[in-house]
Structure formats: C-alpha cells, structure tokens
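Inspection log for the structure reproduced underneath, given as structure tokens.
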C-alpha cells in the first residue's frame, strides 16, 4: 500500500488497526503483514523529522525533578522514539519474571522462555544479528550479561522500502486517535475516532485494535475508555494507570581493575556480526535473594575526566579541550560539559603530562575515540593505563501503586489532560546501595577489582536519590496478569473484558528489570503479532 494522510474508509472494516508506529507498533504491524493479515497503522505525527506534531492532551508532571519532560521522552512521528533512543538492547533476565517475596509484584504470568524465544526475531527487526549466548557466571560468582547496539538508522528508515511495497499494510499519518468507541454491549471496540490533519474527525472500524502509542499515551486511551464505560470496563480495574515504573541510573562509585588489560573485556567491542556490544556485571540470582535487592546492572563509563589519575593522554586532552568555552557543546557530550566545569587549575600540568608521556598511544586513542563517537555514537570509553573507570548502575524500580498516571479533572471533561505522579520509594535507593556493596565484596573476593565510592557513607543514599530520573521508560501502567482484579491485560496482552483490544507497550510489564525495555517491547510485539495472526 502506501504512507498516506487521507483515507477513504467509508463503509470499510479493516482487519487490524494498530495505533502508533513506534518500535512496538511497527514490530507488530510488520509481523501481521508478514503473515498476510491486512493492517492499518495509525500514526499521530507526520512522516518528516520536522513535521509539526499534532495537538496533545495537556500533561502535568507532579515532580519534574524525577520525571523528564515528554518533549525529551517521546516522539510523535513515524517510527516514534526509534528516532531518538540510544539503541542499546538488553534482554530481560529470568529472575525478572519470577515471584520474589520482597518485590511488590507476583511476577509475570508468562515464563522467561516465552519471551526469550522471540529475542532473535526482535534483534533482526532492530538491526543486529542473533543473540551471542546468554549471561554466564564468572569465577568470582558474578553474572556477566551484554548490551548490544541496534542499527542507528530510525526504524522507519530501515523498513521504509518494505512498508512502501507492502500489499497488506496502509500507514495513515497525522492522525491522532482521540478515543475508542465500544459496541453497545461494551465488550468489543467498534471504532477508533481519529482527528485528521484538516481538523475533521473520522471513525475507523476494524475487527481488532492494538494500542501501541507508547506507555503513557496508550494508558491515556484506556483511561478515557474507562471513564466513558465505567459499568463495563472500570469495575475491578484498580491497576489501570498505577504501578508506573522506570529505572534508576547514575554513578556513585569508581572501579579499578587489578589488571588494566582485564578491563578491556568490559569496553565496547564489535562482535562477529559487526555489532557493538558491552559486557555488564549483575549479581547472581542467589545473591539477589540473599540480599533481597532489586535487579541491577553495572557497566563501565569513563573515569572522572578532571582527575588526571586515570593516566590516559586522550582523556586528558578531551578534558583540556572541554575547558575551552564552546567546545563541549559541539561534542554534545554531557560528560565533557560537566568535566569542563570541574577540576582545578593545579591539575592542568598533570593532564599535559599524560598527553605528552606517550604521544603515539595518545594519537591512537584519539583516533579510537573519534571513530566510536562519530561513527557509532558510543560514549567516550577507551582503555586507561590505570585500569580506573566510573561504574554506572541501571537499576530496577520497585512496583508502587502510588506511582501512577490519571486523567486530569481540570479543563474540559470531554478532552481531559493527564496527570503524572511518578514516584520512587526508599527501597529503590537502598537497593542500589546494597547492590554496590554486594558487587564490591564479590570483586574483592575474586581479586578482580575494587570499588571506591565517591561519597562518604552518610551521603550515598542522597547521591542516588539526586540522580534518580526517568520517564523515558514508561512501564507498568497496564500491567499483565491472569487476575482481572490485579491486572489490565492478560498473558496475550488482550485487555481484560474486551474481546478485540490488545496492548503492545512496556506498560504491560509487571516489573521493570535492570534492562532498558525496547528489546523486550519488540519481542513481545512480535509474539503478539504471531498470536493475532493465529486468530485470523
């Protein structure tokens, strides 16, 4: 078919209507298309990077210090957030799917293997080869996982030719869905109301609907439906909009390897398929159970650039350059910008000494930095003579019913806004600190490396709290489960009580895990596409 801005659908009933063309929507639409199922894909935004985004519901963030602005976390255009995400792909871990009595969740209603079997297909869709093997346990009892970087091209660019030449897929742009219409019995969605570019509203009928508009916007459509049909839809649906989760990220410690050579295994490396990968530390499941901590991953980042003790001539030159006004913004590196604002003049001599000590090595390191940052857009991360690096954590957030999104009571009741009440709990911060201590003990016992905290003990929790910010990973607000009173969708992502409405979004995840969600979002979307194709 084609990518269009107008649709002649008078009297026509589509087979499947997918709402949203981000990673989830595009993955499920192309899965259905490959199975010969006719699909209409609706996108609120346009086909161009600079196209004007459509009007959105008014959104109020209760605490902007913990939730990033939606202008940073979402995109309304073909391909959705795939035009802006960092492309790191990490599978969820088996423990994420289990019931853990110290976590306020019953776990997932499906086993890990039910998702993992779709990871290879998700990897192909995102632009890298098959998985290079699962995590493995090291001699010192830690688990090593790996993150892989997907193709940098936005998904609509990567799949555009297939979309344009498909006979089973029609893409309608500049068409935000304002609400869904139920049949008289309240058990099926009859149509989606779409606001077209010329301002008119059109009803589009379909046999089934899949909401894939991102976590918050997908939840918004369900909340509107629940308000319109409380007697059919809202009864016993307390979890809708609740359990809003993301992750905790930051750096509170440095790591120094016993052997600088050993650190190289944890830097970015190209695998046999030419895909950039990076190993990450995790605690063993047994250790997580013993310490009653949330799942947390650790990966290397550059050492403190303003401290010449790293011994790297290239990093010292990067720091010196960052001190020149206007240079750091050109590189678009937050780390360089902050480095240029820190440090003391007395350390400048040591930085010059690093750069001049091994000029040949410094030149080669600069070449590596340039190739990685400009071509692959990787963080600045090169070997250091000291074996010293910063340690970044990426931690699971505890499910919390009070962290939620809900329709706003302010303004026009016919066109309500959205209130975001995103909250962390004390357990989130204490778990991050506990996992650092457990990691430090394991590394020291194995003689691999040692951790050095940046803050004294009494300031570490506050340092974690000060770095806690999300809104990029919109997880949990339409959680998956078998019990309709405790979940919003079933194990096949179908909304409880509605025969033909499905969700393709990280909002169905019951837990957030230690991984960013895109890879698993796409795996679940491909699984959903296969399930619906079997129903046709």
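In the numbering used here, the protein residues as written are 605 to 1140.
Ideal placement from N, C-alpha and C gives every residue a C-beta, glycine not left out.
Where do the ends of the beta strand (DSSP E) carrying residue i lie?
{"i": "residue 749", "result": "747–753"}
{"i": "residue 777", "result": "Here residue 777 belongs to no beta strand (DSSP E), and DSSP marks it neither H nor E."}
{"i": "residue 785", "result": "781–786"}
{"i": "residue 1009", "result": "1008–1011"}
{"i": "residue 972", "result": "Element bounds for residue 972: not the beta strand (DSSP E) but the alpha helix (DSSP H), 963–974."}
{"i": "residue 1057", "result": "1053–1057"}
{"i": "residue 1023", "result": "1022–1025"}
{"i": "residue 643", "result": "643–646"}
Tell me the rounded alpha-carbon separation between residue i and residue j.
{"i": "residue 1057", "j": "residue 865", "result": "22 Å"}
{"i": "residue 827", "j": "residue 619", "result": "24 Å"}
{"i": "residue 1079", "j": "residue 668", "result": "18 Å"}
{"i": "residue 1003", "j": "residue 850", "result": "9 Å"}
{"i": "residue 1043", "j": "residue 767", "result": "46 Å"}
{"i": "residue 877", "j": "residue 727", "result": "12 Å"}
{"i": "residue 651", "j": "residue 1028", "result": "36 Å"}
{"i": "residue 691", "j": "residue 754", "result": "5 Å"}
{"i": "residue 807", "j": "residue 796", "result": "6 Å"}
{"i": "residue 969", "j": "residue 689", "result": "27 Å"}
{"i": "residue 1140", "j": "residue 637", "result": "12 Å"}
{"i": "residue 629", "j": "residue 814", "result": "8 Å"}
{"i": "residue 608", "j": "residue 801", "result": "11 Å"}
{"i": "residue 712", "j": "residue 1118", "result": "15 Å"}
{"i": "residue 639", "j": "residue 761", "result": "22 Å"}
{"i": "residue 1072", "j": "residue 1039", "result": "16 Å"}
{"i": "residue 960", "j": "residue 924", "result": "13 Å"}
{"i": "residue 894", "j": "residue 799", "result": "53 Å"}
{"i": "residue 914", "j": "residue 746", "result": "25 Å"}
{"i": "residue 1045", "j": "residue 635", "result": "46 Å"}
{"i": "residue 567", "j": "residue 750", "result": "The displayed coordinates of the chain run from 605 to 1140. Any statement about residue 567 would go beyond what the structure contains."}
{"i": "residue 580", "j": "residue 612", "result": "The structure shown does not extend to residue 580, since the chain is modelled only from 605 through 1140, so no value can be given for it."}
{"i": "residue 649", "j": "residue 781", "result": "11 Å"}
{"i": "residue 1006", "j": "residue 920", "result": "46 Å"}
{"i": "residue 1094", "j": "residue 673", "result": "31 Å"}
{"i": "residue 962", "j": "residue 858", "result": "24 Å"}
{"i": "residue 888", "j": "residue 1124", "result": "21 Å"}
Please go through the same chain and pick out, in chain order, the residues whose beta-carbon is closer than 6 Å to the beta-carbon of residue i, but skip the five residues on each side of it.
{"i": "residue 934", "result": "Interpretation of residue 934 is limited by its pLDDT of 49, a score under 50 that renders its predicted location unreliable; the figure taken from the coordinates is listed afterwards. Contacts found: none."}
{"i": "residue 752", "result": "693, 732, 879 and 881"}
{"i": "residue 719", "result": "1127"}
{"i": "residue 996", "result": "855, 903 and 905"}
{"i": "residue 1097", "result": "1106, 1107, 1112 and 1132"}
{"i": "residue 1129", "result": "628, 631, 632 and 1108"}
{"i": "residue 725", "result": "1130"}
{"i": "residue 722", "result": "1127, 1130 and 1131"}
{"i": "residue 606", "result": "none"}
{"i": "residue 1067", "result": "856 and 1059"}
{"i": "residue 1000", "result": "898, 899, 1116, 1117 and 1118"}
Which residue or residues does DSSP assign as beta-bridge partners of residue i?
{"i": "residue 880", "result": "874"}
{"i": "residue 855", "result": "996"}
{"i": "residue 903", "result": "996"}
{"i": "residue 807", "result": "797"}
{"i": "residue 1224", "result": "Outside the shown range of the chain, which is 605 to 1140, sits residue 1224, and nothing can be said about it."}
{"i": "residue 812", "result": "620"}
{"i": "residue 1105", "result": "813"}
What do you get for residue i, buried or exposed, if any count of 16 or more other CB atoms within 10 angstroms of its CB means buried?
{"i": "residue 1136", "result": "buried"}
{"i": "residue 610", "result": "exposed"}
{"i": "residue 911", "result": "buried"}
{"i": "residue 706", "result": "exposed"}
{"i": "residue 1030", "result": "exposed"}
{"i": "residue 846", "result": "buried"}
{"i": "residue 804", "result": "exposed"}
{"i": "residue 1087", "result": "exposed"}
{"i": "residue 955", "result": "buried"}
Suppose the cutoff is 7 Å on Cβ atoms and the five residues either side in sequence are ignored; what does the same chain contact list for residue i look like?
{"i": "residue 716", "result": "698 and 701"}
{"i": "residue 633", "result": "622, 643, 645 and 773"}
{"i": "residue 985", "result": "871, 872, 904, 905 and 906"}
{"i": "residue 1051", "result": "862"}
{"i": "residue 987", "result": "864, 867, 868 and 871"}
What first and last residue would you give for the alpha helix (DSSP H) that runs through residue i?
{"i": "residue 611", "result": "Taken as a continuous stretch (DSSP letters only), residue 611 belongs to no alpha helix (DSSP H), as it is neither H nor E."}
{"i": "residue 1092", "result": "Where residue 1092 is concerned, there is no enclosing alpha helix (DSSP H), given that its DSSP letter is neither H nor E."}
{"i": "residue 665", "result": "Taken as a continuous stretch (DSSP letters only), residue 665 belongs to no alpha helix (DSSP H), being part of the beta strand (DSSP E) at 663–665."}
{"i": "residue 632", "result": "627–638"}
{"i": "residue 921", "result": "917–926"}
For residue i, which residues from the same chain have a beta carbon less than 8 Å from its beta carbon, with the 5 sequence-adjacent residues on both sides left out?
{"i": "residue 811", "result": "617, 618, 619, 620 and 1104"}
{"i": "residue 785", "result": "793, 794, 795, 796, 797 and 807"}
{"i": "residue 791", "result": "836, 1101, 1102 and 1103"}
{"i": "residue 1034", "result": "1065"}
Using 7 Å as the limit for Cβ to Cβ distance, is residue i near chain B?
{"i": "residue 1125", "result": "Although the question refers to chain B, the structure presented lacks it and comprises just one protein chain."}
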